[in-house]
Amino acid sequence: MAKPRKSLTAVERRAEELDTIAAVLPVERRDELAELLTDQDVETLRHLVNQGMGDNTLRALTSDLAYLEAWGLAATGQSLPWPAPEALLLKFVAHHLWDPDRRATDPNHGMPADVDESLRSQGFLKSVGPHAPATVRRRLANWSTLTKWRGLDGAFASPALKSAIRLAVRAAPRQRLRKSAKAVTGDVLAKLLATCATDSLRDLRDRAILMVAFASGGRRRSEIAGLRREQLTVEPPIEIPDGPPLPSLAIHLGRTKTTSGEQDDVVYLTGRPVEALNAWMTTAKIESGSVFRAIGRWGTVSRRAIDPQSVNAILKQRAEMAGLDAGEFSAHGLRSGFLTEAAIRNIPLLEAMEQSRHRSVQQASNYYNNATRPSGRAARML
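So this is what it looks like as structure tokens:
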């Protein structure tokens, strides 16, 4: 006789429900999230998955929702109310945007010590000091989005909240830092590739990752980690004078950070990056599924794709092997490096943007301006 199924607690039930969406929304801290999130939170996430929201957007929403719930419990002793009253939103701003100088003389200014300790013990807080204004604005925006998805209105557009953010940012200005302190330009990339000189699986894979990420326009680490064999199509070889034709591939990007996936954004690889990619796929016997995969300690190629953070780790490891300061580089340096190198080589901005798929001319032109200003005519007027 079958044993009756043990009734699940609310936390166990939420953990199982989170498992059902893990294929679309990878959840590394499932048990912790099951304790933090409410039934309504999990149902909202399930609804967003069914609506076809992008994976990266869902991860960001889940991460911010978990932080907000953890902060709400620490600051008020209760789960977040929906919709959040204006007073709670103002408290959130006061706890995260504060003046370090004033904090030195007034310990009650900013985030209370017990709230800070609670968030830090759960791994939600790591750095010391006020949050970056962009982080606070993003979390408020995601809070607002989740509120609307519940069919509710919030006070996120209230003049008091906007004024509080503006005054807090003015009182505690922070220098905006680049995602990667240094761009991975052509000379840096050459040093990284020099560390991938053998025919070992790791060298073949890492060489292909670095070359494809850079040459395809500085693809984001999530796009590289999520690249699948089905996204690649062979293009006719590119004829060049006084040399053999160059192999060519097209990468169909699908849904990205700035597209809905309805349009077929395509970028192209030509020459050495194609050869590096083909060498990896041939040696690793990758005929379908994820292109870039984990490699086991005994040299076995997993069927599992690498995670986006692994792209960052690989770049830093190769930087260290090349004798560079790994702390100065991150995966985003491949993206900024592509545009910076294009500017150095006098490639027109719009042509480079066709490959990088930047939507903002203003954002992309910043790399061009930074690369050309030191040697430009405006700097040599005297």
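The opening position of the sequence shown corresponds to residue 4 in our numbering, with each subsequent residue numbered one higher. No residue lacks a Cβ here, since even glycine has one placed at the ideal position from N, Cα and C. Please read these numbers as outputs of a predicted model, since none were measured by experiment.
- Annotation for I347: the continuous alpha helix (DSSP H) segment containing it runs H335 to I347.
- Each of K165, L342 and S225 was checked against the Cα of P311, and the nearest Cα belongs to S225.
- Considering only P103, T148 and P110, the residue with the shortest C-alpha distance to V131 is P103.
- Its chain contains P248, L249, P250 and S251 as the residues whose beta carbon lies nearer than 7 Å to that of P240, once the 5 sequence neighbours on both sides are disregarded; these appear in chain order.
- With a threshold of 16 other beta carbon atoms within 10 Å, L192 meets it and is buried.
- Between the stretch 301-309 and the stretch 265-285 there are fewer than three inter-stretch CB-CB distances shorter than 8 Å, so the stretches are not counted as touching.
- A Cβ-Cβ distance of about 5 Å is found for the pair I309 and A228, placing them in contact under the 8 Å criterion.
- For I241, the enclosing beta strand (DSSP E) begins and ends at L235 to I241.
- When C-alpha distances from H255 are compared across S161, R360, E354 and R141, the shortest belongs to R360.
- Less than 7 Å divides the Cβ of A77 from the Cβ of L122.
- The DSSP-derived three-state label of L327 is coil.
- Looking at the DSSP output, V270 shares a beta bridge with I254.
- The stretch 113-122 makes contact with the stretch 93-100; the number of CB pairs closer than 8 Å reaches 3 or more.
- Two segments are said to touch when three or more pairs of C-beta atoms, one from each, lie closer than 8 Å; by this definition the stretch 61-76 does not touch the stretch 153-172.
- Under a 10 Å Cβ-count criterion, N349 is classified as exposed, with fewer than 16 other Cβ atoms of the shown protein chains found around its own Cβ.
- Residue pairing by DSSP places A308 opposite R296 in a beta bridge.
- The C-beta distance from L164 to E89 rounds to 7 Å, short enough to meet the 8 Å contact threshold.
- Our two residues, S124 and T138, have alpha carbons roughly 20 Å apart in a direct line.
- Rounded to whole angstroms, R140 and V269 show a C-alpha spacing of 32 Å.
- A direct Cα-to-Cα measurement between A325 and H335 gives close to 18 Å.
- Relative to the Cα of G80, the nearest Cα in the group S66, T108 and D117 belongs to D117.
- The DSSP-derived three-state label of R231 is strand.
- Taking V45 as reference, the option from V172, L68 and E354 with the minimal CA-CA separation is L68.
- Beta-bridge partners of L249 (DSSP): I241.
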